[in-house]
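Participant:
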Amino acid sequence: MTIELSDIQAAAQLLHGEVIRTPMMKSRGLSTLTNAEVFVKFENMQVTS
């Protein structure tokens with residue numbers, strides 16, 4: 005399966021206004037545990053039905 009830029013643009017248009025941008029922050033605990041920079045995205049703030 006090949007995904008083209010036009011496929012991504014079509015999906016973005018379809019989702020426009022339907023989802024909200026959620027914050028992403030660095031997790032100090034996970035970063036320390038893994039010795040790497042780990043970021044988490046707060047998708048629990050996304051409205052679902």
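Just so we're aligned: the sequence shown equals residues 5 to 53 in the working numbering. By construction, the Cβ of each residue, glycine as well, lies at the ideal position given by its N, Cα and C atoms.
Are V42 and I24 closer than 9 angstroms when you measure CB to CB?
Facilitator: Between V42 and I24, the gap from beta carbon to beta carbon reaches 9 angstroms or more.
Participant: What does DSSP give as the partner residues of V44 in its beta bridges?
Facilitator: Bridge partners of V44 according to DSSP: M29.
Participant: Quick one: Cα of M28 to Cα of I12, how far?
Facilitator: 22 angstroms
Participant: For S35, which residues of its own chain have a beta-carbon under 7 angstroms away from its beta-carbon, when the five flanking residues on both sides are left out?
Facilitator: E41, V42
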